[in-house]
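In the numbering used here, the protein residues as written are 239 to 312.
Beta carbons are placed, not taken as given, at the ideal position from N, Cα and C, and that holds for glycine.
Nothing here was measured: the structure is a model prediction, and the numbers come from that model.
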């Protein structure tokens, strides 16, 4: 169960969409969350990784170095 407050403009748009399509506001809220959850998780992971790199907790390797190491360099 989830309850959330939306700005009036968004609530009105959601209500209009639900009425126009015969679906519920909950259906569209659920669809929006499912559609963007992967992106939000990716952003969080990327930000966390960047912070680790900046603090020296994680190292990076250039593509050239990896190719050389694997014997794939031209």
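Quick check on DSSP: helix, strand or coil for residue i?
i: residue 298; result: coil
i: residue 256; result: helix
i: residue 262; result: coil
i: residue 293; result: coil
i: residue 311; result: coil
Leaving out five residues on either side along the sequence, give the residues of the same chain with a beta carbon under 7 angstroms from the beta carbon of residue i.
i: residue 266; result: 252, 255, 256
i: residue 299; result: none
Using the C-alpha atoms, what's the distance from residue j back to residue i?
i: residue 242; j: residue 286; result: 26 angstroms
i: residue 295; j: residue 273; result: 32 angstroms
i: residue 282; j: residue 307; result: 30 angstroms
i: residue 275; j: residue 305; result: 34 angstroms
Can you list, in chain order, the residues of its chain whose CB lies under 8 angstroms from that of residue i, leaving out five sequence neighbours each side?
i: residue 302; result: 311
i: residue 297; result: 291
Closest by CA to residue i, which one among the options?
i: residue 264; options: 276, 275, 249, 304; result: 249
i: residue 239; options: 268, 279, 304, 288; result: 268
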